[in-house]
Amino acid sequence: MARDRGEQNREWYATYKDDVKKEGKGFFPYAMLHDTIMGFVVVLVIIGLAIIWYWDADGVEPGVLGPLYTEPADPGTTDFVPRPDWYFYFLFYLLRIFEWPETVVIATVGIPTVLLILLLGLPFYDRSRERRPSRRPVAMIAAVLTVISMGVLTYKGATATEALGSELIVLVPEWAEEKGFADNDNAVEGARLFAVSGCLNCHIYLGSGVGALGAPDLSDVGDRYDQETLVRYLTNPAEFGNTVMGSYAYLGQENLNKLATFLDASTSDDG
Ligand code: HEC
Numbered sequence: 166m167a168r169d170r171g172e173q174n175r176e177w178y179a180t181y182k183d184d185v186k187k188e189g190k191g192f193f194p195y196a197m198l199h200d201t202i203m204g205f206v207v208v209l210v211i212i213g214l215a216i217i218w219y220w221d222a223d224g225v226e227p228g229v230l231g232p233l234y235t236e237p238a239d240p241g242t243t244d245f246v247p248r249p250d251w252y253f254y255f256l257f258y259l260l261r262i263f264e265w266p267e268t269v270v271i272a273t274v275g276i277p278t279v280l281l282i283l284l285l286g287l288p289f290y291d292r293s294r295e296r297r298p299s300r301r302p303v304a305m306i307a308a309v310l311t312v313i314s315m316g317v318l319t320y321k322g323a324t325a326t327e328a329l330g331s332e333l334i335v336l337v338p339e340w341a342e343e344k345g346f347a348d349n350d351n352a353v354e355g356a357r358l359f360a361v362s363g364c365l366n367c368h369i370y371l372g373s374g375v376g377a378l379g380a381p382d383l384s385d386v387g388d389r390y391d392q393e394t395l396v397r398y399l400t401n402p403a404e405f406g407n408t409v410m411g412s413y414a415y416l417g418q419e420n421l422n423k424l425a426t427f428l429d430a431s432t433s434d435d436g
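Encoded structure:
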């Protein structure tokens, strides 16, 4: 006859209390003393390493524990695409899956919050005392699926290519050939600017780029706007109801003209 779970739990609990009384040691002072001593040791090691690092390094000359400081960061750089540390690659890739602006909140807040609540609630909804993996199919499958999906997302995040200017600029001759502006110097220079200005971190052009945040494919953008309108668009995207894209007025009028010439030459009437 199967006994009910409550009765079995009470029995287990009584056995446990009995064992503690016979063989165990009290939390105070035994466990507390161990933890306190170990805590001090860890803090002392960290302080020691910090002292060695500080005294051994001489400015940018590295000591055994690395340099004191490196070159200051350049806030004006346009060809640096920030990447997260490896343990955030899974979140980084999750964000790429939800590329439409309205759904970004699902990847940044929604999914992580749901998973965290599930994790915090684990002791409350998983009340089984069974420890054998073979008797816990649901928990085992959930754990394996979690590990696999985190692994896959981390891998995808690590190998995801960035729309980095220096990688894209080599495509300019190809673009010029395909769109037939190779003999228009202004358009070619505009294409180079386009490649290094981070446009392809949002847009797609002839299959390159990201297609994020609802930015349209610009391969045939010359069909939709003329050169003058494009200059105005890049100077003040908000005027065209575009609040996602920032103004590129800082590139200067001459560069904007070249960029617009390139975009204007990008029509579906190739060649
Ligand atoms: C942060 C993302 C982002 C970046 C970076 C960006 N754009 Fe955009 N751009 C957008 C979005 C989103 C739209 C669409 C807005 C809309 O539909 O109202 C857009 C629209 C456009 C349009 C109008 C396209 C059309 O068919 O209506 C042009 C032209 C354009 N961008 C050019 C550029 C150029 C050139 C650069 C680089 C100098 C650039 N964009 C960089 C997000 C971006």
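436 is the number that the working numbering gives the last residue of the sequence shown; the numbers go up by one with no jumps.
Every residue gets a Cβ at the ideal spot worked out from N, C-alpha and C, and that includes glycine.
Here the structure is a predicted model, which is why all the values come from computation and not from measurement.
Put simply, the backbone Cα of residue 376 is about 5 Å away from that of residue 369. Residue pairing of residue 369 in beta bridges, as defined by DSSP: 374 and 382. Secondary structure of residue 226 (DSSP, three-state): strand. Taking C-beta separations shorter than 8 Å and ignoring five residues to either side along the sequence, the partners of residue 414 in its chain run 399, 400, 401 and 421, following chain order.
Only residues of its own chain outside the window of five on either side were considered, and among them 379 have a CB closer than 7 Å to the CB of residue 265, listed in chain order. Here residue 426 is buried: its Cβ has 16 or more other Cβ atoms, across all protein chains shown, within 10 Å. Shown here, residue 406 sits in coil according to DSSP, grouped into three states, outside any helix or strand. With a contact defined as Cβ atoms closer than 8 Å, residue 346 and residue 337 miss out at about 10 Å.
Counting only runs of 4+ residues, the alpha helix (DSSP H) found wholly inside the region 225–300 occupies 254–262 and 276–290, in chain order. Between the alpha carbons of residue 366 and residue 262 lies a gap of roughly 15 Å. Around the beta-carbon of residue 340, 16 or more other beta-carbon atoms lie within 10 Å, marking it buried. One thing to note: residue 258 has its Cβ no nearer than 9 Å to the Cβ of residue 333.
In this structure, residue 355 sits near residue 424, with a CB-CB distance shorter than 9 Å. Going by DSSP, residue 174 is part of the alpha helix (DSSP H) stretching over 170–188.
Remark: the shortest separation between the CB of residue 378 and any heavy atom of the ligand HEC falls under 8 Å. The alpha-carbon separation between residue 191 and residue 182 amounts to approximately 12 Å. Comparing alpha carbon positions, the residue from 204, 418 and 316 closest to residue 253 is 316. With respect to residue 231, residue 222 sits close: the two C-beta atoms are nearer than 9 Å.
When secondary structure is reduced to three states using DSSP, residue 319 falls in the helix class. Here residue 385 really is in contact with residue 433; their C-beta atoms are around 4 Å apart, less than 8 Å. The beta-carbon distance between residue 350 and residue 392, rounded to whole angstroms, is 15 Å. This is too long to meet the 8 Å contact definition. Within the chosen limit of 8 Å, the ligand HEC does not reach the beta carbon of residue 284 with any heavy atom. By the criterion of a C-beta distance shorter than 8 Å, residue 358 is surrounded in its chain by 416, 420, 423, 424 and 427, once the five residues flanking it on both sides are discounted. The Cβ atoms of residue 255 and residue 322 lie closer than 9 Å to each other.
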